[in-house]
Structure formats: structure tokens, C-alpha cells
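Engineer: Residue 80 is where the sequence shown starts when you use my numbering, and the numbers rise one by one after that.
We put the CB at the ideal spot given by N, CA and C, even for glycine.
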Amino acid sequence: MHMKKVFGIVGLSIMFSVLAWACSKSNNEPVVTLLADEQPTALASSLETVINAPIVVDATTTTDVTIVSFPSFITTDYFGLVKVTSEPAKTLDSNALCLNGLEVTKAQKEKLTAANIAKQSCMEANRVILSNLDRELEAWAKAEKARIIAAAKFSLDSVLLLYNNGSLTLAQKAERNTKIELSRNDQITALKGRVQEKLTQATARLVAAGKIRNCEELYLNSVKEILSAAQYEKWIKCQKEKYKRI
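#1: Among T257, C294, D143, Y298, which residue has its Cα nearest to the Cα of E217?
#2: Within 10 angstroms of the Cβ of E276, are there 16 or more other Cβ atoms? Answer buried if so, exposed if not.
#3: Are I291 and A194 close, meaning C-beta to C-beta below 8 angstroms?
#4: Going by the DSSP bridge assignment, what does K162 pair with across the sheet?
#5: Measuring straight from C-alpha to C-alpha, what distance separates S200 and Q310?
#6: Looking only at C-alpha atoms, which of I134, V183, T192, R263 sits nearest to K162?
#7: Short of 8 angstroms in beta carbon distance, which residues of its chain neighbour A283, apart from the five on each side in sequence? Order them along the chain.
#8: Contact defined as beta carbons within less than 8 angstroms: I believe I153 pairs with L126. What is the distance between those atoms, to the nearest angstrom?
#9: Give the straight-line distance between the Cα atoms of W314 and L299, rounded to the nearest whole angstrom.
#10: In angstroms with no decimal places, state the Cα-to-Cα distance between T112 and E223.
#11: If I follow the unbroken beta strand (DSSP E) through T145, where does it start and stop?
#12: Where DSSP assigns a beta bridge to I134, which residues make up the other side?
#13: From L191 to E166, what does the alpha carbon distance come to, in whole angstroms?
#14: So, using beta-carbon positions, are P119 and E260 closer together than 8 angstroms?
#15: Can you tell me whether DSSP reads K104 as helix, strand or coil?
#16: Determine whether the beta carbon atoms of L278 and P133 lie at a separation below 8 angstroms.
#17: Taking the Cβ atom as the reference point for each residue, do V238 and N264 lie within a distance shorter than 8 angstroms?
#18: Could you check if A229 is buried or exposed, using at least 16 other CB atoms within 10 Å of its CB as the buried criterion?
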């Protein structure tokens, strides 16, 4: 009976020791729970959505339609300015504000730099495809705008001719000119919608966007592996907002 008590006490001691060690380990390594929109797959999919619905800036009589092919942040080395342990902090620009309070080892920094180089190489050809397609579409919109303006000018000149030969009163001339100019401006404004429609129909563009998405997912998975769970969580909670510009 005495030995059973001894073994019982020893067993309890071991159990409590294990529990104490587990609690201590848990305290030293905080549990990190990432939200769904902080996972590489979700972020890359969000980026693809943004690329497939790019910002299209309206044309006016004096400016042309412009397309923002892809968010500028994907060409940026996110961790180029990250603080390395034992090195002085660097001044952060707008692209690196999500690095505030983040510190990595020299080995981590080297791996992050290599991961970014691999990403840029992976994306490069498809970024060129996107840019070329979008520049072609901008050129089409510019030519369409020139056609609209030329047609309106012809109509305005015709009205002026009618007025000069006495076929129209001054009030009639002004009324016709207003209608022509309003129609011209409406057609120019509508160019944005026509460009957006063509963007959705450009199969080569969709394919390129999908490949860029895959490159970004590979990169984010690399970052997730290089950083500790706590480091990744700290960075991505800020950085993820860049992927949501639609």
C-alpha cells in the first residue's frame, strides 16, 4: 500500500510537471489565429479580382482614358526597409508602413529578399502582357475620342454655316450647338464603360492576371514560412488592406 502511494505521488508529480511545462511553452509561444482574409490563397485571389477590375480613369475633351493595369505595391519589395536585429531602424515610406514595429534577423531578411526577387521574376512576363494590352486599349479609346470630337466639330461647323447663310437664328444656333456638345461629352464619358467591357472580354488579360495571382500566392507562402507566426500576423493585418482596392 505504501509503495502504491509513493508511485501515485510520483505519477502526479510527473503529470503536474508536464502540465507546467506545457503551460510555460504555451506562454512563450502565443497562439496565432489568422483570419480568412489573411491567408495567402485568399489574398492572392483578392489581388486577381483587383487586376481583373482595374481602375479606369474617365476621358474628357482634354484628357484620355487611362488604365491602372495593376496595383503598384506588387512591384515593391515589401521588406526592403524592414528593421534587422542589431541594426539601426530605417525611415519607412508609404509602401513600408506595415513594417512598423517589425524586426527580423539577418538570415530572415536575406530569405525575404530572395523571395521577392523570385516573385518579380515570376510575374515579369505577365505584367508586360497586362501593360501592353492595356496600352492598346487606351490607344483604341483615344482614337474613338478623336472620332467623336471630329464628328461633333463637323456638326458644329455645319450649324455655323447654316447660321451664316441666314437659315438659323442666333437662338437656334445656340440650341443646336448645345445639343451637339452635350452628345459629344456623353459619348466621351461613355468610353470608360466601353473600355471596362472590353477589359472583361480580354481572355489573354484574364490568363495573365491568373498567373500573377499564382506568383503572389507562392510569394506569400514563402513569407509565411520565413517569418514566425507572430511576425507574419503583425505584418499581414496591416498589409492585407492593400489587396482590397477594387
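Structural biologist: This is what the structure holds:
#1: Position 138 of the sequence shown holds residue 217. Looking at the Cα atoms, D143 is the closest of the given residues.
#2: Taking the first residue of the sequence shown as position 1, residue 276 is located at position 197. E276 is exposed by the Cβ-count criterion.
#3: Here residue 291 is taken as the residue at index 212 of the sequence shown, counted from 1. Here residue 194 is taken as the residue at index 115 of the sequence shown, counted from 1. In this structure, A194 does not lie closer than 8 angstroms to I291 by Cβ.
#4: Residue numbering aside, residue 162 sits at position 83 when the sequence shown is read from its first letter. In DSSP, K162 forms a bridge with E182.
#5: Against the sequence shown, residue 200 aligns to sequence position 121. Against the sequence shown, residue 310 aligns to sequence position 231. About 25 angstroms.
#6: For the purposes of this step, residue 162 is identified with residue 83 of the sequence shown, where counting begins at 1. Considering only alpha carbons, the answer is V183.
#7: The count along the sequence shown starts at 1 and reaches residue 283 at position 204. Taken in chain order, the residues that qualify are I208, L212.
#8: Translated into positions along the sequence shown, residue 153 becomes position 74. Translated into positions along the sequence shown, residue 126 becomes position 47. With 8 angstroms as the limit, I153 and L126 qualify as a contact, their Cβ atoms being about 7 angstroms apart.
#9: Counting from one through the sequence shown, the residue named residue 314 turns up at place 235. Counting from one through the sequence shown, the residue named residue 299 turns up at place 220. Looking at the two C-alpha atoms, the distance is approximately 11 angstroms.
#10: Reading the sequence shown from its first residue, position 33 is the one you call residue 112. Reading the sequence shown from its first residue, position 144 is the one you call residue 223. Looking at the two C-alpha atoms, the distance is approximately 52 angstroms.
#11: Numbered from 1 along the sequence shown, position 66 holds the residue referred to as residue 145. Segment 145-147, the beta strand (DSSP E) holding T145.
#12: Against the sequence shown, residue 134 aligns to sequence position 55. V147, per the DSSP bridge assignment.
#13: If you number the sequence shown from 1, residue 191 lands on position 112. If you number the sequence shown from 1, residue 166 lands on position 87. Looking at the two C-alpha atoms, the distance is approximately 17 angstroms.
#14: Taking the first residue of the sequence shown as 1, we reach residue 119 at position 40. Taking the first residue of the sequence shown as 1, we reach residue 260 at position 181. No, they are not a contact pair.
#15: Mapped onto the sequence shown, residue 104 falls at position 25. With a pLDDT of 38 at K104, under the threshold of 50, the predicted position of this residue should be treated as unreliable, though the coordinate-derived value follows. Correct three-state label for K104: helix.
#16: Position 199 of the sequence shown, counting from 1, holds the residue named residue 278. Position 54 of the sequence shown, counting from 1, holds the residue named residue 133. Yes, they are a contact pair.
#17: Taking the sequence shown and counting its residues from 1, the one referred to as residue 238 is at position 159. Taking the sequence shown and counting its residues from 1, the one referred to as residue 264 is at position 185. No, these two residues do not count as a Cβ contact at 8 angstroms.
#18: Here the question's residue 229 lines up with position 150 in the sequence shown. It is exposed - the Cβ of A229 has fewer than 16 other Cβ atoms within 10 Å.
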